[in-house]
Structures are given as C-alpha cells and as structure tokens.
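This report refers to the structure that appears directly beneath it.
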Amino acid sequence: MEYIRLDVSKVYGFVNKNEIESAAEKVQKANKALEEKTGKGNDFLGWVNLPSSITEEHLKDIEATAQKIRKEIDVLVVVGIGGSYLGAKAVSEAMTGAFTAYAGSSDKPAVLFAGQNIGEDYLTELMQLLDTKRYAIVVISKSGTTTEPAIAFRILKNHLESKVGEEKAKDLIVAVTDEKKGALRTLANQNDYKTYVIPDDVGGRYSVLTPVGLVPLAIGGFDIRALVNGARDMETKCSSEVSFNDNPAAIYAATRIALYNSGKKIEILANYENKLHYVAEWWKQLFGESDGKDGLGIYPSSVDLTADLHSMGQYIQEGERTLMETVISIAKPDYSLTIPSDKDNLDGLNFLAGKNLDYVNKMAELGTQLAHVDGGVPNIRIELPRLTEYYLGQLMYFFEKACGIGGYLMDINPFNQPGVEAYKKNMFALLEKPGFEEESKKIKERI
Ligand code: PA5
10 MEYIRLDVSK
20 VYGFVNKNEI
30 ESAAEKVQKA
40 NKALEEKTGK
50 GNDFLGWVNL
60 PSSITEEHLK
70 DIEATAQKIR
80 KEIDVLVVVG
90 IGGSYLGAKA
100 VSEAMTGAFT
110 AYAGSSDKPA
120 VLFAGQNIGE
130 DYLTELMQLL
140 DTKRYAIVVI
150 SKSGTTTEPA
160 IAFRILKNHL
170 ESKVGEEKAK
180 DLIVAVTDEK
190 KGALRTLANQ
200 NDYKTYVIPD
210 DVGGRYSVLT
220 PVGLVPLAIG
230 GFDIRALVNG
240 ARDMETKCSS
250 EVSFNDNPAA
260 IYAATRIALY
270 NSGKKIEILA
280 NYENKLHYVA
290 EWWKQLFGES
300 DGKDGLGIYP
310 SSVDLTADLH
320 SMGQYIQEGE
330 RTLMETVISI
340 AKPDYSLTIP
350 SDKDNLDGLN
360 FLAGKNLDYV
370 NKMAELGTQL
380 AHVDGGVPNI
390 RIELPRLTEY
400 YLGQLMYFFE
410 KACGIGGYLM
420 DINPFNQPGV
430 EAYKKNMFAL
440 LEKPGFEEES
450 KKIKERI
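Residue numbers (my numbering): 10 to 456.
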C-alpha cells in the first residue's frame with residue numbers, strides 16, 4: 010500500500026522550514042484535541058474516527074440496497090446540496106470516464122444531481138432526460154428542511170410517481186437524513202422509503218463517508234470499500250500518535266497557516282486531471298465553510314489546468330501577491346497515449362513524437378510550478394499514485410484532518426457555519442414564508 014505524497018519544499022522561499030516546524034507542538038495539540046473531542050465544536054467530531062468505525066454490516070447493507078436498485082435503473086438522481094451533495098459528486102466525477110457520464114447502464118447507472126440549485130431550466134431539462142430513462146432517487150438532507158433539495162425532491166417525486174406509479178416509486182426512493190427529526194424523516198417514514206441515518210455528530214462537509222456519500226456512490230457502482238479503506242489508512246497516518254514530520258495533515262495544516270500569516274490569503278487548488286474538478290469544489294466547501302468566519306480564513310479557490318492557464322494564468326503569475334497554490338497531481342494515468350510522428354511536421358511537433366501525453370502534461374505542471382514560484386506563489390504539491398477510490402479516500406480524509414487542525418490553529422470553530430443562515434432568512438422573507446412576516450415587512454422597505 011502506498012500513501013499520497015505531500016511536498017511542501019517549494020514554499021521554503023516564502024516561509025522557512027523552521028517556522029513551519031516550530032508549529033509542531035501546537036499542531037499536535039490541535040490534533041489531540043480533535044481526537045479527544047476537547048476543542049471547539051466538539052459535538053461535531055464524529056468524522057475523526059469514522060473510517061475505522063464503519064462496520065462490515067453497514068457496508069453490506071448499503072451494498073445490498075445498491076445492488077437491488079442498480080438492476081432497475083439507467084440513471085440515479087441524487088438530490089442534495091452543500092455537504093449533502095459535493096462528496097458524492099466529487100468521487101463520482103473523478104471515477105467516471107470523461108465521456109461516459111450520461112450513458113448509464115445497469116452495471117453503472119449515470120449519476121446525476123438535483124437540488125443543488127433552483128434553476129428552472131436545469132430541473133426541466135433533467136426531467137426531459139428522465140422521461141426516457143429508468144431511474145431512482147436518493148434524497149439527502151441532514152436537517153431534512155433545506156429548501157433547494159426539498160423543492161427538487163417534491164418535483165422529482167411527482168415525476169417518478171406519475172412515471173412508475175406511487176407504489177413502485179417507493180422502491181426507487183432512498184432517503185438519507187436524521188434518525189428522528191426533520192420533514193424528510195417524516196416523509197420517508199410515512200411513505201415507507203428505505204432510509205439511512207446521518208450521524209448527529211458529523212457535519213455536512215465532513216460526511217462523505219457516512220451514507221451521504223456511500224449510498225449514492227454504491228448505487229452508482231463505485232467501490233465504496235476502497236474509498237473507506239483509503240480513509241482508514243489515512244486516519245492512522247494522520248493520527249496524533251504519528252510524529253509531526255511523518256503526518257501529512259499536520260504538515261499541510263502548519264504550512265498553510267504559516268503562509269496565511271505571511272500574507273498569502275488565497276489558496277488555489279490546481280489539478281492537471283480535469284476529472285478532479287469536483288474534488289476541488291468539495292475541498293472549497295470543506296475549507297471555506299470551516300475557516301471562513303470571525304473575519305478570518307484562507308479563501309479557497311480552484312483552477313483546472315492546463316485549461317485555466319489560458320484564463321487565470323496571467324493573474325496567478327503577476328496579479329496581487331496574496332496567493333498560494335496547492336497542486337493535486339496523478340502519478341500515473343489509466344491509459345497510455347503517444348503522440349504520433351508526422352511526415353510533414355507542419356505543426357512542428359515531431360520533437361514530441363513517441364512521447365506520452367502524460368509526459369507533456371507533467372512537464373507543463375513542472376514548468377508552471379517553477380514559473381509560479383518565481384512569480385511569488387508558494388507551491389504545495391500532493392501526488393496521488395493513481396486516480397482510484399482508494400486514493401480519493403486517503404485524500405479526502407487527509408484534507409478533513411488538516412482542515413480541523415488548521416481551524417484550531419486559528420482558534421476558530423471549524424465545525425459550524427452560522428453565516429449560511431443569512432441568505433436563507435432574506436429568501437424566506439422575500440418568499441413570504443409563514444413565520445417570516447416581520448422580516449418580510451423589513452426587507453420590502455430595503456428593495
Ligand atoms: O456543510 C454543511 O453543513 C452544509 O453545506 C449542508 O450540508 C447543506 O447546507 C445541506 O444541508 P442539509 O443536509 O441539512 O440539507
């Protein structure tokens with residue numbers, strides 16, 4: 010078994026190694042506080058030991074549900090938003106062939122998402138596709154009351170019921186929600202849907218290894234055991250028992266915070282395999298919602314390379330020098346594709362004939378890394394040996410642990426998200442939701 014590899018040597022011109030290592034004691038303390046549940050937000054630390062506490066029975070149950078449903082569908086629609094969406098989206102996009110996304114089969118249904126926006130056209134077009142497909146729905150909401158997925162589910166449930174009948178629809182809907190409370194729990198109980206529980210002590214953005222991620226991924230035909238095993242191995246590797254210099258989450262957390270304190274306020278997560286686009290979206294939620302509070306926090310952003318070198322490259326190279334960059338690189342692609350020789354060589358590319366595309370990609374990565382470092386952007390590099398569920402499991406747990414440690418280093422609570430409520434209050438006031446009469450009156454005076 011290999012681990013993902015972290016290399017922070019290209020930040021040493023910006024913060025020195027000693028400075029990072031001098032945080033070791035604080036980092037170890039923060040890591041211990043996470044594990045012993047003694048720090049801020051300690052009622053949301055169920056994710057810390059989650060990988061090692063997932064039982065065989067639990068996995069078998071999810072796999073049995075998945076197998077039963079998969080036989081009957083071409084498309085799985087996952088309804089959820091934020092932490093109830095991004096984990097499954099990240100893994101499914103990363104592990105789906107670039108052009109197979111919409112060509113679902115009984116082996117591997119296409120996994121599509123709804124309830125992560127309120128776009129009328131998006132949902133209409135999804136239903137136009139579903140008119141011609143056999144499909145099931147996994148509806149996911151921890152609170153069971155989030156507006157976006159609740160609306161999407163209401164509409165999709167009607168669609169499914171009118172397509173296959175109310176009774177059959179019950180077999181094709183799985184709800185992932187709180188054990189007891191919330192509108193979705195009531196709805197699921199009343200309709201006798203198969204349900205899975207989101208543990209109380211795991212927040213949305215840390216929930217990919219709960220049924221929130223595992224149920225849709227298993228139905229989608231992805232290897233959830235490998236995902237869990239990767240996370241388990243990383244749980245051990247990032248434990249507070251491991252010394253600072255051997256613990257990648259500890260080093261990543263200390264390095265980001267040292268860079269932040271030196272004025273690098275924005276972190277760009279860059280990939281050279283564009284199937285990782287949604288891993289970056291998941292990462293942005295993880296770090297953005299965890300760190301961005303009390304007027305603090307590194308702003309998480311992302312680019313898909315080399316594509317975005319032709320749009321964002323100029324800014325990264327020469328814009329305001331508040332950036333740091335973290336690159337995710339895949340050591341070995343799944344396929345081998347060489348560049349052919351051409352007798353006329355009109356494009357002048359014969360110097361690359363016989364070389365693999367991945368070789369060119371890696372040289373682009375290396376050249377970009379050196380250019381960005383020269384331009385004042387410190388670079389952290391994370392290498393995955395292969396793009397598999399196992400290494401994604403490692404990567405996701407590694408980020409979660411680093412995020413928790415970093416939050417404690419900044420002395421904030423990385424496990425709440427009070428700021429998310431502000432837009433909801435205004436939206437409900439504008440929509441004249443019962444109970445928001447006072448806010449409705451006030452907001453109308455402002456518009
Ligand atoms: O990380 C979080 O807690 C949020 O992003 C939630 O996951 C998101 O708001 C969806 O909430 P719920 O699962 O309650 O519908």
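For glycine and all other residues, C-beta sits at the position ideal for the given N, C-alpha and C.
So, using beta-carbon positions, are residue i and residue j closer together than 7 Å?
i	j	result
residue 59	residue 218	yes
residue 142	residue 84	yes
residue 188	residue 206	yes
residue 153	residue 186	yes
residue 121	residue 88	no
residue 298	residue 426	yes
residue 131	residue 239	no
residue 213	residue 91	yes
residue 276	residue 321	no
residue 165	residue 149	no
residue 391	residue 95	no
residue 261	residue 307	no
residue 39	residue 417	yes
residue 202	residue 182	yes
residue 424	residue 437	no
residue 292	residue 407	no
residue 68	residue 57	no
residue 244	residue 61	yes
residue 170	residue 127	no
residue 100	residue 226	yes
residue 398	residue 232	yes
residue 235	residue 247	no
residue 221	residue 350	no
residue 177	residue 200	no
residue 287	residue 134	no
Helix, strand or coil for residue i per DSSP?
i	result
residue 129	helix
residue 225	helix
residue 309	strand
residue 21	coil
residue 287	helix
residue 143	coil
residue 282	coil
residue 32	coil
residue 445	coil
residue 276	strand
residue 122	strand
residue 252	coil
residue 52	helix
residue 299	helix
residue 3	Beyond the ends of the chain as shown, which are 10 and 456, falls residue 3; an answer cannot be given.
residue 16	strand
residue 452	helix
Just tell me which of the options has its CA closest to the CA of residue i.
i	options	result
residue 119	192, 125, 131 and 106	106
residue 433	402, 452, 421 and 422	452
residue 383	325, 31, 175 and 445	325
residue 272	305, 258 and 252	305
residue 421	438, 48, 196 and 54	48
residue 45	419, 437, 25 and 413	413
residue 290	307, 312 and 345	312
residue 184	440, 247, 102 and 159	159
residue 237	450, 301, 402 and 55	402
residue 24	117, 445 and 385	385
residue 54	257, 134, 293 and 41	41
residue 315	257, 292, 340 and 376	376
residue 380	100, 435, 293 and 318	318
residue 13	448, 176 and 338	338
residue 365	328, 283 and 341	341
residue 161	178, 177 and 136	136
residue 415	295, 27 and 108	295
residue 331	155, 309 and 74	309
residue 254	22, 34 and 10	34
Using a Cβ cut-off of 7 Å (strictly closer), state whether residue i contacts chain B.
i	result
residue 141	Although the question refers to chain B, the structure presented lacks it and comprises just one protein chain.
What is the C-beta distance between residue i and residue j, in whole angstroms, given that I count them as a contact (C-beta under 8 Å)?
i	j	result
residue 335	residue 266	That belief does not hold up - the Cβ atoms of residue 335 and residue 266 are roughly 13 Å apart, past 8 Å.
residue 370	residue 281	5 Å
residue 20	residue 264	6 Å
residue 302	residue 428	6 Å
Is the closest heavy atom of ligand 2 to the C-beta of residue i under 6 Å?
i	result
residue 160	Ligand 2 is not among the ligands present in this structure, which contains only ligand 1.
- Query: Which runs of the beta strand (DSSP E) spanning at least 3 residues fall entirely within the stretch 55–106, listed in chain order?
  - Reply: 84–88
- Output the residue ranges of the beta strand (DSSP E) runs that lie fully inside the stretch 156–242 and measure 3 residues or longer, sorted by chain position. 182–186 and 203–206
- Task: Within the stretch 331–416, note down every full beta strand (DSSP E) run reaching 3 residues or more, in order along the chain.
- Result: 332–339 and 388–393
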